[in-house]
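J.: Below you'll find the structure I mean.
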Amino acid sequence: MSVTKTISAITNDWEELRRGFFKLATINIISNLMVPLSGFINIAFLGHLTEVNYLAGVTLATILFNYLYRTLGFLRMSTTGVTAQAVGRNDSEATLLVGLRNGIFALFLGLFLLLLQHPLQILGFTLLSATPEVKAAGQAYYDARIWALPATLINFVIVGWFLGRTQSNKVLLLSVIGNGINIIFDYYFIIRLGWESRGAGIATALSQYSMLLVGIILLLKEINWKEIQAVAHQIFETSALLEILTLNRDIFIRTLAFLTTFSLFINFSSAIDTSVLTENALMLQVITLTVYLIDGLAFATESLVGILKGKDAQEELLAILKVATQTSLILGLGIATAFVLFPDRLFGLLTNHDEILESLRFYVPWLLPVLGFGAIAFMLDGYFLGLAEGVILRNTALLATLIGFLPLGIWAWKLENPTLLWLALTLFMIIRVIGLGLQVPRTLRENFQSKEA
274 MSVTKTISAI
284 TNDWEELRRG
294 FFKLATINII
304 SNLMVPLSGF
314 INIAFLGHLT
324 EVNYLAGVTL
334 ATILFNYLYR
344 TLGFLRMSTT
354 GVTAQAVGRN
364 DSEATLLVGL
374 RNGIFALFLG
384 LFLLLLQHPL
394 QILGFTLLSA
404 TPEVKAAGQA
414 YYDARIWALP
424 ATLINFVIVG
434 WFLGRTQSNK
444 VLLLSVIGNG
454 INIIFDYYFI
464 IRLGWESRGA
474 GIATALSQYS
484 MLLVGIILLL
494 KEINWKEIQA
504 VAHQIFETSA
514 LLEILTLNRD
524 IFIRTLAFLT
534 TFSLFINFSS
544 AIDTSVLTEN
554 ALMLQVITLT
564 VYLIDGLAFA
574 TESLVGILKG
584 KDAQEELLAI
594 LKVATQTSLI
604 LGLGIATAFV
614 LFPDRLFGLL
624 TNHDEILESL
634 RFYVPWLLPV
644 LGFGAIAFML
654 DGYFLGLAEG
664 VILRNTALLA
674 TLIGFLPLGI
684 WAWKLENPTL
694 LWLALTLFMI
704 IRVIGLGLQV
714 PRTLRENFQS
724 KEA
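Using the numbering used here, the first residue of the sequence shown is number 274, and each one after it goes up by one.
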């Protein structure tokens, strides 16, 4: 197959490996940036309506969906690493089985959560504070978008499967189609038909099903029914299903710890002062944008590390780790430095309040350690996801949250000290780097030993 030939060429030559890494990373970065771009345009459509309640309601409901989908993002992560390892072993049956097992799991999980849509809505909107008008708009958006849940989860698996096969061009195509259709439907339903927040929810749901349809078409070009029939009896093997559930559980806990840390960071900021909340929210926008970019590098790392693990290619594994670390660090520190040097100009794109900009000049240097250590941590996430080392990711995330962030974060909240709060977030990133970094030599050593044996 063409994928196998490409991988063989890459892993036989370091220069090709490096070029392959940057090609994958560039395509992944462009694909990732389509998500916030679509979100910004969605906000622009809603923001130009007469009533601001619709924008506020969609923003409120989006918090619920972000939390839900980010915690369920393990479906993409677990699929990529295990698929890449099967591709590295040139095991076409195992490659297909990973996609089928995770796809079926995503379907049943999506349908199960769809049955719980009303309890989830009640719980979510009870926890979130807003006026009755804003909540009504948010619930209309929720009621429409929630029907895309099965399609969204299956899309996670399809994207992960293509990434594991280093087919980032297909992931980019899916992203362009999904987000492009979302924008078109947003305009039609919100502006032309006047369906406000409900229209935004319908647009998002339809875009996910459109993305799923295109994804299935792309999959049918890669595999045929006979191949599926040949492995069908292996899909529900108990040991294989337990491995998938265990890996997904560990990545789920890792992601939950990560989201909890940032949620507490926002809550502690809000408890200190409204101005502190605003300033920290703007800083987090910079961090979020940077993470989208670094994730492109992490996805490329994840794909190639999994393949190299499958091929027992030790030297190349270490080489990819080095170039990924250097590139991620340069990108993270580069963005942080730009905001440190030009805070008024860059943050001025996000706000025109002089008092906020003045305070940001004091806190913006915290971007250097947070994004510096964070860049390495996110890249190492990709490395261990490629190795399918879920336990390491889980334990490190829990340590970073419970020991790195939580004690100092609570202290910062009690003392109403924003500086201590940023120090807590920095410690969270540092412990992630230390915890993951200490495990790298072991993974390389174990791979080496297995190769010698």
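Idealized CB from N, CA, C, for every residue including glycine.
#1: Is it the case that the Cβ atoms of Leu672 and Phe538 are separated by a distance below 9 Å?
#2: Are there 16 or more other CB atoms within 10 angstroms of the CB of Thr250, so buried, or fewer, so exposed?
#3: Tell me the start and end of each unbroken alpha helix (DSSP H) in the region 581 to 608 that is at least 4 residues and wholly inside, in chain order.
#4: Locate the alpha helix (DSSP H) running through His391, then write down its first and last residues.
#5: Within 10 angstroms of its Cβ, does Asn442 collect 16 or more other Cβ (buried), or is it exposed?
#6: Kindly indicate which three-state DSSP category Thr425 falls into: helix, strand or coil?
#7: Could you tell me whether the Cβ atoms of Thr356 and Gly437 are closer together than 9 Å?
#8: Report the three-state DSSP secondary structure of Glu719 (helix, strand or coil).
#9: Quick one: using the 10 Å Cβ neighbour count with 16 as the cut-off for buried, is Lys499 buried or exposed?
#10: According to the Cβ coordinates, are Val331 and Ile314 closer than 9 Å?
#11: Near Phe755, which residues of its chain fall below 6 Å by C-beta distance, leaving aside the five closest residues on each side in sequence?
#12: Can you give the Cα-Cα distance for Ile526 and Ser536, rounded to whole angstroms?
#13: Keeping to the same chain, check which residues put their C-beta closer than 6 Å to that of Lys278; ignore five residues upstream and five downstream.
#14: Who are the near neighbours of Ala573 in its chain, counting only those whose CB is closer than 7 Å to its CB and skipping five residues on each side?
#15: According to DSSP, is Asp523 helix, strand or coil?
#16: How is the alpha helix (DSSP H) around Ala403 delimited, first residue to last?
#17: Might you give, ordered along the chain, the residues of its own chain that have their beta carbon closer than 7 Å to the beta carbon of Arg343, omitting 5 neighbours on each side?
#18: Please return the same chain residues whose Cβ sits closer than 7 Å to the Cβ of Leu711, not counting the five positions on each side in sequence.
#19: Give the secondary structure of Leu532 by DSSP, where H, G and I count as helix, E and B as strand, and everything else as coil.
#20: To the nearest angstrom, how far is it from the Cα of Leu619 to the Cα of Gln587?
#21: Just curious, the alpha helix (DSSP H) that Ile490 is in, first and last residue?
#22: What are the start and end residues of the alpha helix (DSSP H) that includes Ile508?
#23: With DSSP as the reference, label Thr439 as helix, strand or coil.
#24: Residue range of the alpha helix (DSSP H) that Glu662 falls in?
#25: Which class does Glu725 belong to by DSSP, given the choice of helix, strand or coil?
#26: Candidates Phe435, Leu401, Leu382 and Thr563: which alpha carbon is nearest Phe646's?
#27: Closest Cβ-Cβ distance between Glu406 and chain C: below 9 Å?
#28: For the region 417 to 437 against the region 474 to 486, do three or more pairs of beta-carbon atoms, one drawn from each stretch, fall closer than 8 Å, so that the two count as touching?
#29: Quick one: what does DSSP say Thr277 is sitting in, helix, strand or coil?
#30: Is the closest heavy atom of the ligand ADP to the C-beta of Phe678 under 8 Å?
T.: According to the structure data:
#1: The sequence position of residue 672 within the sequence shown is 399, counting from 1. The sequence position of residue 538 within the sequence shown is 265, counting from 1. Contact: no.
#2: Because the chain in this structure spans residues 274 to 726, residue 250 falls outside the shown range and cannot be described.
#3: The alpha helix (DSSP H) runs of length 4 or more contained entirely in the region 581 to 608 do not exist; there are none.
#4: On the sequence shown, position 118 is the one that residue 391 refers to. Start and end: Gln390 to Leu400.
#5: Position 169 of the sequence shown, counted from the start, is the residue given in the question as residue 442. Flag for Asn442 reads exposed.
#6: Translated into positions along the sequence shown, residue 425 becomes position 152. It is helical.
#7: The residue given as residue 356 occupies position 83 in the sequence shown. The residue given as residue 437 occupies position 164 in the sequence shown. Closer than 9 Å, so yes.
#8: One-based indexing of the sequence shown puts residue 719 at position 446. Residue state, collapsed to three classes: helix.
#9: If you number the sequence shown from 1, residue 499 lands on position 226. That one is exposed.
#10: For the purposes of this step, residue 331 is taken as residue 58 along the sequence shown, with counting starting at 1. For the purposes of this step, residue 314 is taken as residue 41 along the sequence shown, with counting starting at 1. No, Cβ-Cβ distance for Val331 and Ile314 is not below 9 Å.
#11: Beyond the ends of the chain as shown, which are 274 and 726, falls residue 755; an answer cannot be given.
#12: Numbered from its first residue, the sequence shown carries residue 526 at position 253. Numbered from its first residue, the sequence shown carries residue 536 at position 263. When the Cα atoms are used, Ile526 and Ser536 turn out to be separated by approximately 15 Å.
#13: Locating residue 278 in the sequence shown gives position 5, where the first residue counts as 1. Legend: pLDDT at Lys278 = 49, less than 50; position of this residue unreliable, value from coordinates given subsequently. Once the five neighbours on either side are set aside, Lys278 has no close Cβ partner at all.
#14: Counted from its first residue, the sequence shown places residue 573 at position 300. Answer for Ala573: Phe294, Leu297, Ala298 and Asn301, listed in chain order.
#15: Counting from 1 along the sequence shown, the entry for residue 523 is found at position 250. In this structure, DSSP gives Asp523 a helical state, which the three-state scheme calls helix.
#16: Position 130 of the sequence shown holds residue 403. Careful: Ala403 lies outside any alpha helix (DSSP H) and carries neither H nor E.
#17: Indexing the sequence shown from 1 puts residue 343 at position 70. Thr528 and Leu532, listed in sequence order.
#18: As a first step, residue 711 must be located in the sequence shown, where it is residue number 438. Same-chain partners within the cutoff: there are none.
#19: Taking the sequence shown and counting its residues from 1, the one referred to as residue 532 is at position 259. Of the three classes helix, strand and coil, the one that applies to Leu532 here is helix, per DSSP.
#20: Residue numbering aside, residue 619 sits at position 346 when the sequence shown is read from its first letter. Residue numbering aside, residue 587 sits at position 314 when the sequence shown is read from its first letter. Roughly 42 Å separates the two Cα atoms.
#21: Along the sequence shown, read from residue 1 onward, the residue named residue 490 stands at position 217. Glu469 to Glu495 is the extent of the alpha helix (DSSP H) around Ile490.
#22: The residue given as residue 508 occupies position 235 in the sequence shown. That residue, Ile508, is in no alpha helix (DSSP H); it is neither H nor E in DSSP.
#23: Counted from its first residue, the sequence shown places residue 439 at position 166. In the structure shown, Thr439 sits in coil (DSSP, three-state: anything other than H, G, I, E or B).
#24: If you number the sequence shown from 1, residue 662 lands on position 389. Under the DSSP assignment, Glu662 falls outside any alpha helix (DSSP H); it carries neither an H nor an E label.
#25: Numbered from 1 along the sequence shown, position 452 holds the residue referred to as residue 725. Interpretation of Glu725 is limited by its pLDDT of 49, a score under 50 that renders its predicted location unreliable; the figure taken from the coordinates is listed afterwards. When DSSP states are grouped into helix, strand and coil, Glu725 belongs to the helix group.
#26: Taking the first residue of the sequence shown as 1, we reach residue 646 at position 373. Nearest in C-alpha terms to Phe646, of all of Phe435, Leu401, Leu382 and Thr563, is Thr563.
#27: This model lacks chain C altogether; it includes just one protein chain.
#28: As far as the Cβ criterion goes, the region 417 to 437 touches the region 474 to 486, which means the pair count is three or higher.
#29: Position 4 of the sequence shown, counting from 1, holds the residue named residue 277. Here the model assigns Thr277 a pLDDT of 49, short of 50, so the residue's position is not dependable, and the following value carries that caveat. Annotated three-state conformation of Thr277 is helix, per DSSP.
#30: In terms of ligand content, the structure shown is empty, and the ligand ADP therefore cannot be addressed.
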